[in-house]
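Numbering (the numbering used here), first residue to last: 1460 to 1578.
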């Protein structure tokens, strides 16, 4: 999970810089707020992915922590990805993708919590 977190950390810093320096003159403020929301949630969950790689001393707890980590990855792809796309090109169907990503984030936190409880 550490490699996944590191790659996502690189991506979110690059995406944040692009949003702050490249998009400000290209998209309206309302769309830019989608980008900023995506970057914020992406960064929070990079830290969660990293943490999930270090949780659990038993095999079952490690498995639940890994499940949580992969659910965070799915949440980043779905929620944050939809925010990035909405900033670039507003598309109505993307409004249905973000909640699925949000549920993946919630499930990831649940799995990580369970890993810590059973450990």
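All C-beta atoms, glycine included, are put in the ideal place defined by N, C-alpha and C. Owing to the predicted nature of the structure, the values given are computational and were not obtained by experimental measurement.
In this model, residue 1465 and residue 1513 are separated by some 14 angstroms (Cα to Cα).
Boundaries of the alpha helix (DSSP H) around residue 1496: 1488-1511. Here residue 1563 is not near residue 1527, since their CB atoms are 8 angstroms or more apart.
Residue 1542 sits in a helix when the DSSP states are folded into three classes.
According to the DSSP assignment, residue 1566 belongs to the alpha helix (DSSP H) that extends over 1556-1577.
Taking a contact to require three or more Cβ pairs closer than 8 angstroms, the segment 1503-1511 and the segment 1546-1558 do not qualify as touching. In this structure, DSSP gives residue 1528 a helical state, which the three-state scheme calls helix. Straight-line spacing of the CA atoms in residue 1482 and residue 1471 works out to 15 angstroms. In this model, residue 1480 and residue 1496 are separated by some 16 angstroms (Cα to Cα).
In the three-state scheme derived from DSSP, where H, G and I count as helix and E and B as strand, residue 1484 is classed as coil.
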